[in-house]
Amino acid sequence: MATDAQSAGQSAGMPQLDLSTFPNQIFWLVVALVAIYLLLTKIALPRIGAVLAERKGTITNDLAAAEELKLKAQQAEVAYNQALADARTEAAKIVAAARVEIQAELDTAIAKADAEIAARAAESERRIGEIRATALDDVTEVAKDTAKEIVAALGGQADGRSVTAAVNARLKG
Amino acid sequence: MASESGGLAIHPMDQFIVKPLFGDGPVMWYTPTNVTLWLLIAVLAVGALMVLGTRRRAIVPTRTQSVAEMIYGFIYNMVEDVAGHEGVKYFPYVMTLFLFILFANLLGLIPMSFTTTSHVAVTVVLALAVFLGVTLLGIARKGVGFLGMFWVSSAPLVLRPVLALIEVISYFVRPVSHSIRLAGNLMAGHAVLKVFAGFASIALVSPIAIGAMTAIYALELLVAVVQAYVFTILTCVYLKDAVGDAHH
Chain A
0 MATDAQSAGQ SAGMPQLDLS TFPNQIFWLV VALVAIYLLL TKIALPRIGA VLAERKGTIT
60 NDLAAAEELK LKAQQAEVAY NQALADARTE AAKIVAAARV EIQAELDTAI AKADAEIAAR
120 AAESERRIGE IRATALDDVT EVAKDTAKEI VAALGGQADG RSVTAAVNAR LKG
Chain B
0 MASESGGLAI HPMDQFIVKP LFGDGPVMWY TPTNVTLWLL IAVLAVGALM VLGTRRRAIV
60 PTRTQSVAEM IYGFIYNMVE DVAGHEGVKY FPYVMTLFLF ILFANLLGLI PMSFTTTSHV
120 AVTVVLALAV FLGVTLLGIA RKGVGFLGMF WVSSAPLVLR PVLALIEVIS YFVRPVSHSI
180 RLAGNLMAGH AVLKVFAGFA SIALVSPIAI GAMTAIYALE LLVAVVQAYV FTILTCVYLK
240 DAVGDAHH
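Chains A and B supply the protein sequences, listed in that same order.
Counting from 0, one number per residue, gives the positions in the first sequence under numbering that gives the first Met the number 0.
Counting from 0, one number per residue, gives the positions in the second sequence under numbering that gives the first Met the number 0.
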């Protein structure tokens, strides 16, 4: 009878309107829907929900950690710049101190050298004076002797005193 | 329906016949039929995607897990956006509907398969479940206030009874349009595919027929997904009447 109904449905056209198959379809549909519902509510949906929440948590944590690390890096940079500036100031101080010290040493050395030069110059002055004096005496002596000799050679009677007086007068002139 | 022309036999509706899987006996309510087989395959497919696909619970998802998560997020947001925050409680049922219809539609596109969602019996049960569920839920949550949605308070007083009548009629037509839309779309598409497949046996027109089949098959893939989406979003819209803030 059901086979008749089925073949009747077949020949009548739309199998969708064959009422004899409705209980079958509805029964198995309900079974399938309940099966899917149970699969989803018991296993799949809680699992996916947990995974999504966990992923969100992980991403939030990672972002927070990254933010923290960034902050640390910024702090390190600030500290580095501070250290660099300190080092520069220190170096500038050392350079200035060294310059002052060298200047002082230089000044002392120049003063000392000046004093020495002055002393040497005075000594030389003195000796030149001495030499000049000696030379003048020597010239006088030599002039007298030479004059005496010349006078003698020329056949004159050389009077020591008059020659000396003449030479002195000449030298003065 | 079967048209005979020059030895050409096209039976576009034969693919929808419900027959027993084993033997040739009568189709009793418990008989395992081709409907049973394809429902079972749909359940297995849903299980493969949603359960097996997510079994590793990876933070960095595999491709399958990613698809499962995308569907989860898609439907979850749809329920939340359309039905409101109160509707999220019924998300598992909406998800069940979407996955079942999606997989039934897509599996129906495998050649020689059986499309369970092309049967009015199936879609009417789905739509009636939504209709009755939403109505009972609305009465349980809002009591008589649920009937307020038929009384359009923003309209002039004279028009309100007329509008109320129209609203009531449209409310009771919902399950009909909800179910026929799905079954009709699927059935028409599959029947047209079969008709063109029949014409493909005539050498003269077979290139055109095969080209048309390819195009319609692509269209049917779109229809399969879109109809699952439409059914689901309408479910959410109806759910909003029961759980959301009533304002029209």
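For glycine and all other residues, C-beta sits at the position ideal for the given N, C-alpha and C.
This structure is a prediction, so every number in the text was calculated from the model and none was measured.
For B/A41, the chain A residues whose Cβ falls inside 7 Å of its Cβ are A31, in order along the chain.
Contact annotation, B/P91 with A/T40: C-beta distance approximately 5 Å; criterion of less than 8 Å satisfied. Residue burial annotation: B/K239 is buried, with at least 16 other C-beta atoms found within 10 angstroms of its C-beta. When the five nearest sequence neighbours on each side are left out, the beta carbons in the same chain lying within less than 8 Å of the beta carbon of B/V167 are those of F149, in order along the chain. Sequence-distant partners of B/S178 (beyond 5 residues in either direction) whose C-beta falls short of 6 Å from its own C-beta, in its chain, are T122, V123 and A126. In the structure shown, the three-state DSSP call for B/A41 is helix. In chain order, L32, I35, Y36 and L39 make up the part of chain A whose C-beta sits under 7 Å from the C-beta of B/T95. About 6 Å separates the Cβ atoms of A/E53 and B/I58, confirming a contact at the 8 Å cut-off. Judged by DSSP in its simplified three-state form, B/I201 adopts coil rather than helix or strand.
Under DSSP, B/T30 forms no beta bridge with any residue. Not flagged as an interface residue toward chain A: B/P11, since no C-beta distance is shorter than 8 Å. In the structure shown, B/A57 adopts coil according to DSSP, grouped into three states. Under the three-state reduction of DSSP output, A/A97 falls in the helix class. Counting other Cβ atoms within 10 Å of its Cβ, B/W37 reaches 16 or more and is therefore classed as buried. Taking 3 residues as the shortest admissible run, the region 126-193 of chain B contains no complete beta strand (DSSP E) segment at all. Close CB contacts of B/I138 within its chain, under the 6 Å cut and outside five residues either way in sequence, are with F145 (chain order). A/D17 counts as buried, since no fewer than 16 other beta carbons sit within 10 angstroms of its beta carbon.
Under the criterion of beta carbons closer than 8 Å, B/L185 and B/N76 do not qualify as touching, at roughly 26 Å. Separation of the CB atoms of A/A43 and B/T53 is rounded to 6 Å, and the pair is thereby assigned contact status at 8 Å.
Residue pairing for B/I232: DSSP places it in no beta bridge. At the C-beta level, B/M49 and A/L28 stay beyond 8 Å of one another. Under the criterion of beta carbons closer than 8 Å, B/F99 and B/A41 qualify as touching, at roughly 6 Å. The beta-carbon of A/N60 is placed no less than 8 Å from the nearest beta-carbon of chain B. Annotation for B/Y89: no alpha helix (DSSP H) segment contains it, and DSSP assigns it neither H nor E. For B/A120, the number of other beta carbons within 10 angstroms of its own is at least 16, and it is reported as buried. At a cut-off of 8 Å between C-beta atoms, A/A64 does not count as an interface residue with respect to chain B.
Residue contact check for A/I42 against chain B: a CB pair falls below 8 Å.
Here B/P19 is bridged, per DSSP, to B/T32. One finds nothing in chain A with a Cβ atom closer than 7 Å to the Cβ of B/M69; even the nearest lies about 10 Å away. Between A/N23 and chain B, the shortest Cβ-Cβ separation is below 8 Å.
Straight across, the Cα-Cα distance linking B/C235 with A/A65 is about 40 Å. Cβ-Cβ distances below 8 Å link B/A223 to L101, N104, L105, G107, L108 and L185 in the same chain, with the five nearest sequence neighbours on each side left out; the list follows chain order. Annotated three-state conformation of B/I9 is strand, per DSSP.
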